[in-house]
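Undergrad: Take this structure first; my questions come after.
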Amino acid sequence: MKIPSFFHSVSSPNRAVYIALSASLLVSACGETSKSTQSSQLDNQGVDIAVKGNAIKASAFKVNDLDNLPSNSSAHWLSTNILVLPKSVNKFQYQLLSKNAVGFSSIDLMPVNFPEKLATKFPHLADFQAFELQLTPDQSKRWLKQQIMVVAIDATIDTTVEPSLNTSKQAKEVAYVQIGGVIDALYTQGENDADEVTDLGATIISNQEVEGVSTAVSFKLWAPTAQAVSVQLFDDNLQALSDGKLEMVEDSSTGVWQVLSDSQASYAYYRYQVNVYHPASKKVESLSVTDPYSLSLSVNSEYSQVVDLNDAVTQPKDWFNQQIPTVKNVEDNIFYETHIRDFSANEQQLSDSGFKGKYKAFSEKNSDGIQHLKALQVAGLNNIHLLPTFDIATVNEDDSKHLDIDDSLGKVCAITKNISLCQQPYDEKQSIKSLLQSYGVAGEQIQQLVSELREVDNYNWGYDPFHYTVPEGSYAIDAKGVSRLVEFREMVQSLHAMGFRVIMDVVYNHTHQAGLEPNSVLDKIVPTYYHRLDPLSGAIEQSTCCDNTATERVMMAKLMTDSLVVWARDYKIDGFRFDLMGHQPKDAMLAAREAVRQVDSDTYFYGEGWNFGEVASNSQFIQASQSELGGSEIGTFSDRLRDAVRGGGNNTRDSQGVGNGLLMLPNENQDQKKIQADYALRMDQLRIGLAGNLINFPLRILKGENNGKKVLGKDIPYGDQPTGYALDPADTINYVSKHDNQTLWDNSQYRLPFDVSTEDRVRMHLQSLSFALFAQGIPFIHMGSEFMRSKSFLRDSYDYGDWFNRVDFSKQDNFYNVGLPPAEKDKDNWPLIKEVLAGHQGRDQVNAEQIQRSSNAFIDMLAIRMSSPLFRLTTEQSIIDKVSFLNTGAPKQGDNTLAQQTGLLVMKIDDTQGETVDSKYQSLLVIFNTSDKTQTFNYNFKEDFDSTSTHGYQLHPIQQMGSDEVVKQSKVTVKGFIVPPLSSVVFVKPDSK
């Protein structure tokens, strides 16, 4: 089954198709409407229906007979003829009931073996009992438009023998029916049905041959369970047009409701009115809802807008003439994770203060943030990863109705009168920021005020999708209609002009709301279809955080794919990061990537391949998870390298990682015997991470009893999983900090010994970043981590405003210890935070000079990575050929003593092995000294290097001329390589040719 691209506009549609459409569907300005091609009448109420042996009959049950029975939603209608229920020890008989005006129509269910094909498709239901029902496809489609349920009947109660026992006494329990499977079977299994429709949503059609008009607008909404659908048009003031109610017609083969309007609909706002049975209320609802295929929206997304994204009015100047940067290989990418508001909310050098936190800030020329991005780009950074920028539900897009940190307390108390601040005397003219600055950082007032304001401020990460395919309005100067589209495109164009590719963070795994909630969209149109339900209760699963979508459903996968194609084709987005990607099927991800490649051949997909929740371990489908995506070149974030560097867990002092003192600088909570083994394991995990996290990377060859056996990446444990899971370097995203959890700086302060100097903390921070930068695979950098960004220990800052999320590109402050983090997220951690702040005695506070120096050293490391393709090998085999680790002796059995020089991780990348990739360097030797002492690596050169001397090696030219004065102390001598404390040093052997 193909999943086609989503064409938002048709400049020259097929003549015959649209003439036919216009003849049957065109609605004139006089408001003429068409009748439905499919009757909304269901089975003749109360009358038996006999169609070729189908046993549809009027049920003896009345509605009230079933109201008080035990009930759940454990019935699953999987195909036209198969429905499944949990197996039961009771000898009940079962009927499928469809509600009508006077009662129910019914059909008997006959037990059968679970068809193997369906059991494979729905593995989480494979232990259920299958039943056959005799309905035609057309009958099934009609039944789906009403409430349906399965009633369990105790047939041992014979009402003919015991007339006093009413028929209702036979009914014992009710199972409401989950219908996602059968909807897919009925509407997506053919060649020209719902998933082949390429123009869902509102499409402006420019064609002189459509009934003599120059412009028409097609509206199409997939709503197969709806009983009636219309579209209401609104003017620019959001007032309903008097002749703007258009009755839509259903195509029964696709379930798509459609109508063709004249030019009055062009650039109009609109909403659909959908009459549909909804399980949330157990009745037919008449629901007004926006378009899930919206391309433009009013302020706060209350109305969809008809637009043509090819129209110049939706584009900045020279949109189609921009040059889009490219990368030669996927592995050349480096991602810089940026939140649009964080980038400029604290910026002091904007040409217009109104650009703070807006798309416009990326088109500035001389702001501190832009100057920093330009410096990173010169060093080799090539991708800006934007946290969610699609339409979100949790920030009011009307500036007058939300709070900014620079707003006055007068505005605060006008918007939210009930917070504690407004119950006492206050200065109306004082700003929120000024008030926060007046509080002591050791007290609780800062976090209390930030927490009280978060529901009405202008901040959110954006993982709360409302409409998937429209830019978020709160980042626009003008959120209304096409203005936000133009401003978003200006941002993309400006980033491209600076030399960056643009990555979007997308969230197709859940919606912000469902059911009949105000921000529900999908679930008001095809109730229960778009969301994954608990197999017994029918409640929407929420393992992601919110209402989980079911991308295993064909039309949810289509919506995701169609949306991605719009972003890639019409907004020139160069790649996508998928939130909780492991909650989506691998097949859906591969199909989506193939569709996007048709419009952008060098797109790149990556995401969170975590394995958890109701879909864990492939329980419902083969997931797009770490273990399943090996070799696909869809990247997944590696928690292996991350935890080896940062230490396991969060909010703790009980463990350390290689990057914050494990074994070499143990804090007071460490047990020396335990950390020897932990160090050995973490170092091996880190080595595998540096080698692209490959399954088959040979770390070492054993001797003795296991002489010759290779220890591979998959043999190194990571909890109950293997460390290595990748089959290609493009499968792996290496990181040590991102928006989730504590920043790298904050995490280290939790774990570091109290007596570590400030200078050493800076060096350890940079070394932690070096592991991601010098690893095979693709590096991912959290914005501001290069200059020690802090969030004051806040583990989850998603909705906690500018105070905790600030970034200072002028590099004067890293905003460490600006107040206790909010109680809702971190109250349990307050005692430990207070303990470490007291213990560090100010050694955890950095000054402006150190912040600038950290940034400069990071830029040097970035440039080193991009100076040689040896850091960016493109195949599994080239890594196996060229990368090796020295100083890897494993502990002897029963002995935790390490047979290696502790504190040194030594990686060699040898271009004399395999196919040559670097014309400048014959070999690289990267030595990570994690100890606080200068060390000399002087192992057996003949064994380790196949050489008898260090001749030809020198410190990398960038480090020779770079900003890190300590690294410049590195030396190559006849005895070995001398590496300063807490340094990551790159030695190069230039090609002698």
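Residue numbers for the sequence shown follow numbering that gives the first Met the number 0, beginning at 0 and rising by one. Cβ atoms here follow ideal geometry from the backbone N, Cα and C, with glycine treated the same way.
Looking at the secondary structure, which residues open and close the beta strand (DSSP E) in which Ala478 lies?
TA: From DSSP, Ala478 is part of no beta strand (DSSP E); its letter is neither H nor E.
Undergrad: At what residue ranges does the region 349-373 contain a whole run of the beta strand (DSSP E), taking only runs of 3 or more?
TA: Counting only runs of 3 or more, we get nothing.
Undergrad: In terms of alpha-carbon separation, which member of Arg864, Gly646, Leu294 and Ala129 lies closest to Asp569?
TA: The residue with the shortest Cα to Cα distance from Asp569 is Leu294.
Undergrad: In the structure shown, what three-state DSSP assignment does Pro989 receive?
TA: Reduced to three states, the DSSP call for Pro989 is strand.
Undergrad: Spell out a yes or no on whether the region 489-502 and the region 316-331 are touching, meaning 3 or more CB-CB pairs, one atom from each, closer than 8 Å.
TA: Touching, yes.
Undergrad: Looking only at C-alpha atoms, which of Arg760, Thr224, Gly368 and Ser626 sits nearest to Lys144?
TA: Closest by alpha carbon: Thr224.
Undergrad: Given a threshold of 16 other Cβ atoms within 10 Å of its Cβ, counted over all protein chains shown, does Leu259 qualify as buried or as exposed?
TA: Result: buried.
Undergrad: Taking the alpha-carbon positions, what's the Leu726 to Leu885 distance?
TA: So the alpha carbons of these two residues sit roughly 23 Å apart.
Undergrad: Which of the three DSSP states is assigned to Asn382 in this structure?
TA: Strand.
Undergrad: So is Ala676 buried or exposed if we call it buried at 16+ other beta carbons inside 10 Å?
TA: The residue is exposed, with fewer than 16 neighbouring Cβ atoms inside 10 Å.
Undergrad: Which residues mark the beginning and the end of the beta strand (DSSP E) in which Pro584 is found?
TA: That residue, Pro584, is in no beta strand (DSSP E); it is neither H nor E in DSSP.
Undergrad: What ranges does the alpha helix (DSSP H) occupy inside the region 617-683, keeping only unbroken runs of at least 4 residues that lie completely in it?
TA: As far as the region 617-683 is concerned, its whole alpha helix (DSSP H) runs of at least 4 residues are 638-645.
Undergrad: Do Gln128 and Leu532 have their C-beta atoms closer together than 8 Å?
TA: No.
Undergrad: Go ahead and label Asp137 buried or exposed: buried means 16 or more other beta carbons lie within 10 angstroms of its beta carbon, across all protein chains shown.
TA: Flag for Asp137 reads exposed.
Undergrad: According to the Cβ coordinates, are Gly353 and Ser343 closer than 8 Å?
TA: The answer is no: Cβ separation not under 8 Å.
Undergrad: Quick check: the Cα distance between Met860 and His955, rounded to an integer number of angstroms?
TA: If I take the Cα positions, the gap works out to 10 Å.
Undergrad: Indicate whether Gly514 and Ala279 have their beta-carbon atoms separated by less than 8 Å.
TA: Yes. Within cutoff.
Undergrad: Can you give me the start and stop residues for the alpha helix (DSSP H) that Phe1008 sits inside?
TA: For residue 1008 there is no data in the structure shown, the boundaries of the chain being 0 and 992.
Undergrad: Under a three-way DSSP split, which group does Val744 fall into?
TA: It is worth fixing the name first, because residue 744 is Trp in this sequence and not Val. Note: Trp744 maps to helix in three-state DSSP.
Undergrad: Helix, strand or coil for Gln720, going by three-state DSSP, please let me know.
TA: Gln720 falls in the strand class under three-state DSSP.
Undergrad: For Gly841, does the count of other Cβ atoms within 10 angstroms reach 16, so buried, or fall short, so exposed?
TA: Gly841 comes out exposed.
Undergrad: Nearest CA to the CA of Glu1016: which residue from Leu903, His781, Gly961 and Asn828?
TA: Any answer about residue 1016 is impossible in this case: the structure gives the chain only from 0 up to 992.
Undergrad: Could you spell out where the beta strand (DSSP E) holding Trp76 opens and where it closes?
TA: Residues Ser70 to Ser78.
Undergrad: Roughly how many angstroms lie between the CA atoms of Phe620 and Phe334, to the nearest whole one?
TA: About 30 Å.
Undergrad: From the beta carbon of Val598, is the nearest beta carbon of chain B less than 8 Å away?
TA: Here there is only one protein chain, and chain B is not present.
Undergrad: May I have a chain-ordered list of the beta strand (DSSP E) segments no shorter than 3 residues that lie completely inside the region 256-329?
TA: The qualifying runs are 268-277 and 282-288.
Undergrad: Which same chain residues, not among the five before or five after Gly951, have their C-beta less than 6 Å away from its C-beta?
TA: Closer than 6 Å at Cβ, skipping near neighbours: Lys988.
Undergrad: Can you look up Met497 in the DSSP assignment and give me helix, strand or coil?
TA: Reduced to three states, the DSSP call for Met497 is coil.
Undergrad: Taking buried to mean at least 16 other C-beta atoms within 10 Å of its own C-beta, is Pro122 buried or exposed?
TA: Exposed: under 16 other Cβ atoms inside 10 Å.
Undergrad: So, using beta-carbon positions, are Val985 and Ile858 closer together than 8 Å?
TA: No, these two residues do not count as a Cβ contact at 8 Å.
Undergrad: Identify the residues that DSSP records as bridge partners of Gly818: which are they?
TA: Gly818 pairs with nothing; no bridge assigned.
Undergrad: Going along the chain, which residues of its own chain have a beta-carbon closer than 7 Å to the beta-carbon of Ser362, five neighbours each way excluded?
TA: Only Glu489, Met490 and Ser493 meet the Cβ criterion.
Undergrad: With a threshold of 7 Å on Cβ separation, who are the neighbours of Lys810 within its own chain once the five nearest residues in sequence on each side are excluded?
TA: Excluding sequence neighbours, Lys810 sits near Phe786, Ala847, Ile850, Gln851 and Ser854.
Undergrad: Of the residues Val181, Asn332 and Gln257, which one's Cα is nearest the Cα of Leu772?
TA: Nearest option by C-alpha distance: Asn332.
Undergrad: When the Cα atoms are used, what is the spatial distance from Val377 to Ala590?
TA: Taking the straight line from one Cα to the other gives about 35 Å.
Undergrad: Straight-line CA distance for Asp807 to Ser796?
TA: Between Asp807 and Ser796, the C-alpha separation is close to 17 Å.
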